[in-house]
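Before any comments, here is the structure.
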Amino acid sequence: MTDHPPNTALAANKAADVTTVHVPLPGRAYDIHIGADLLTGAGTLIAPLLRRPRVAVITDETVGALHLSGLRAGLSQAGISASALTLPPGEATKSWGPLQQCVDWLLDQKIERGDLVIALGGGVIGDLVGFAAAILRRGVRFVQIPTSLLAQVDSSVGGKTGINAAQGKNLIGAFHQPSLVLADINVLGTLCRRDFLAGYGEVMKYGLLGDADFFEWLEHNGPALAAGDTSLRQEAVRRSVQMKADIVTRDETEQGERALLNLGHTFGHALEAATGYGDRLLHGEGVAIGCAMAFDLSARLGLCAQEDPSRVRAHLDTMGLHKGLANIPGTLPDAATLLTLMGQDKKVVDGQLRFILAHGIGQAFVASSVPETAILKTLAAG
Numbered sequence: 000m001t002d003h004p005p006n007t008a009l010a011a012n013k014a015a016d017v018t019t020v021h022v023p024l025p026g027r028a029y030d031i032h033i034g035a036d037l038l039t040g041a042g043t044l045i046a047p048l049l050r051r052p053r054v055a056v057i058t059d060e061t062v063g064a065l066h067l068s069g070l071r072a073g074l075s076q077a078g079i080s081a082s083a084l085t086l087p088p089g090e091a092t093k094s095w096g097p098l099q100q101c102v103d104w105l106l107d108q109k110i111e112r113g114d115l116v117i118a119l120g121g122g123v124i125g126d127l128v129g130f131a132a133a134i135l136r137r138g139v140r141f142v143q144i145p146t147s148l149l150a151q152v153d154s155s156v157g158g159k160t161g162i163n164a165a166q167g168k169n170l171i172g173a174f175h176q177p178s179l180v181l182a183d184i185n186v187l188g189t190l191c192r193r194d195f196l197a198g199y200g201e202v203m204k205y206g207l208l209g210d211a212d213f214f215e216w217l218e219h220n221g222p223a224l225a226a227g228d229t230s231l232r233q234e235a236v237r238r239s240v241q242m243k244a245d246i247v248t249r250d251e252t253e254q255g256e257r258a259l260l261n262l263g264h265t266f267g268h269a270l271e272a273a274t275g276y277g278d279r280l281l282h283g284e285g286v287a288i289g290c291a292m293a294f295d296l297s298a299r300l301g302l303c304a305q306e307d308p309s310r311v312r313a314h315l316d317t318m319g320l321h322k323g324l325a326n327i328p329g330t331l332p333d334a335a336t337l338l339t340l341m342g343q344d345k346k347v348v349d350g351q352l353r354f355i356l357a358h359g360i361g362q363a364f365v366a367s368s369v370p371e372t373a374i375l376k377t378l379a380a381g
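Using numbering that gives the first Met the number 0, the first residue of the sequence shown is number 0, and each one after it goes up by one.
Written out as structure tokens, the structure reads:
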């Protein structure tokens, strides 16, 4: 696929108030459109990418019931037909069986390299469908239409695709950039509060890792954003996506700086594994707890002020988000077992676990050789 300038398909519709973030990867550049009613305009935006007026859509039962008909209507307005596969919702869908089901179905639909596959859903669908597109015919193009806050600000951008293994989260996958991302702010209104706040854990992460002003903005605007202010939601998605796009452009395959985006994830992924990747702990909730723990560990190591972890947990508390292990229902493994689960993290290099720590709010960095005693104390403290 050749490089292209930012898409101007919505230029005539100034009233749409759509923000576009361009990801200028050489030969794999794409646009991220952020705004209201993008499902309605999906056909206009997707049509220029098509060689023939047909697409294959993969979604889940929950999202499909809410948004598939709207997407079909938007595509139909541009003369695009759509076949659709609907999968069960939940993290268990991000596994070998559903992956094979997706690939077999796409082959049955006779999807060619020149065609487009659309991932309509949250992070599970986006990761799964992106991986299916990456391996189908050695790579077909796909479009991300993320329907959760978490997917809009994180998993739909940057080309990380994959499935989970019994040994850990996201251990099987490929880098495969989308051809387009459509983040429709209106669909966030269909999320339950818990799912929205889980996505907010990833939004907060961006401020904590590299933008102290954004974190302060969230401290002031987070409650109104969560309550439904669409302009604040759009701005939060835009700032998150712009930061991720900038980092991905500089370090697409996570050889250095991109690892910062894993702030909170080393702890969070271990907690997800310990709770069985289910509703007991959502990914964004694990990230929120993980961010709090990363700042706790940083303070224990004398890397940041003692006030920083307190400020992080205070904001989580204000937002009604998980801020520690006590917020996870049920019994958790002991600290030593959780540390063992961390050993399966993708950031392990030469057997050495790397952490994303911080010198302060907005000042994250990659650290290795972190003393196990300090990690165990952070885990024990919860």
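All C-beta atoms, glycine included, are put in the ideal place defined by N, C-alpha and C. Just so we're clear, the structure is a prediction, and the values are computed from it rather than from any experiment.
- Contact check for residue 207 against residue 357 passes: the beta carbons are separated by less than 8 Å.
- When Cβ pairs closer than 8 Å are counted between the two stretches, the stretch 54 to 70 is seen to touch the stretch 108 to 122, the count reaching three or more.
- In summary, residue 308 is buried, with 16 or more beta-carbon neighbours lying within 10 Å of its beta-carbon over all protein chains present.
- Secondary structure of residue 181 (DSSP, three-state): strand.
- The beta carbon of residue 281 sits closer than 6 Å to the beta carbons of 197 from its chain, once the five residues preceding and following it are set aside; these are given in chain order.
- Here residue 187 has 148, 195 and 232 as same chain residues with Cβ atoms under 7 Å from its own Cβ, once five neighbours each way along the sequence are excluded.
- Residue 82 has 55 as its beta-bridge partners, per DSSP.
- The bridge partners DSSP lists for residue 120 are 145.
- The C-alpha of residue 217 lies about 34 Å from the C-alpha of residue 336.
- Using a Cβ distance threshold of 8 Å, residue 108 and residue 82 count as a contacting pair.
- The Cβ atoms of residue 60 and residue 277 lie no closer than 8 Å to each other.
- In the displayed model, residue 233 falls within a helix according to three-state DSSP.
- Annotation for residue 220: the continuous alpha helix (DSSP H) segment containing it runs 211 to 226.
- Contact annotation: residue 176 and residue 27 have beta-carbon atoms nearer than 8 Å.
- Taking 8 Å as the cut-off, the Cβ atoms of residue 235 and residue 361 do not count as close.
- In this structure, residue 253 sits away from residue 158, with a CB-CB distance that is not shorter than 8 Å.
- Cβ contact annotation for residue 103 (same chain, cutoff 8 Å, sequence separation greater than five): none.
- For residue 354, the pairing in a beta bridge is given by DSSP as 366.
- Counting of Cβ neighbours within 10 angstroms places residue 329 among the exposed residues, the total staying below 16.
- Residue 18 sits close to residue 33, with the two beta carbons spaced by under 8 Å.
- Pairing residue 313 with residue 359 gives a Cβ-Cβ distance that is not under 8 Å.
- For the pair residue 238 and residue 213, the CB atoms are nearer than the 8 Å cut-off.
- The beta carbons of residue 263 and residue 289 sit about 3 Å from each other, so the pair counts as a contact at 8 Å.
- Taking a C-beta distance under 8 Å as the contact criterion, residue 58 and residue 120 qualify as a contact pair.
- The residue from 66, 353, 200 and 316 with its alpha-carbon nearest to that of residue 286 is 200.
- The DSSP-derived three-state label of residue 360 is coil.
- Judged by DSSP secondary structure, residue 30 falls within the beta strand (DSSP E) whose first and last residues are 29 to 34.
- Around the C-beta of residue 101, 16 or more other C-beta atoms lie within 10 Å, and the residue is accordingly described as buried.
- Annotation: residue 45 to residue 92 spans about 26 Å, alpha carbon to alpha carbon.
- Residue 373 is a Cβ neighbour of residue 300, given a cutoff of 8 Å.
- Minimum Cα-Cα distance from residue 142 among the listed residues 193, 368, 47 and 163 corresponds to 47.
- For residue 96, the number of other beta carbons within 10 angstroms of its own is below 16, and it is reported as exposed.
- Of all alpha-carbon atoms in 110, 227, 146 and 144, the one lying nearest the alpha-carbon of residue 132 is that of 110.
- At the C-beta level, residue 244 and residue 20 come within 8 Å of one another.
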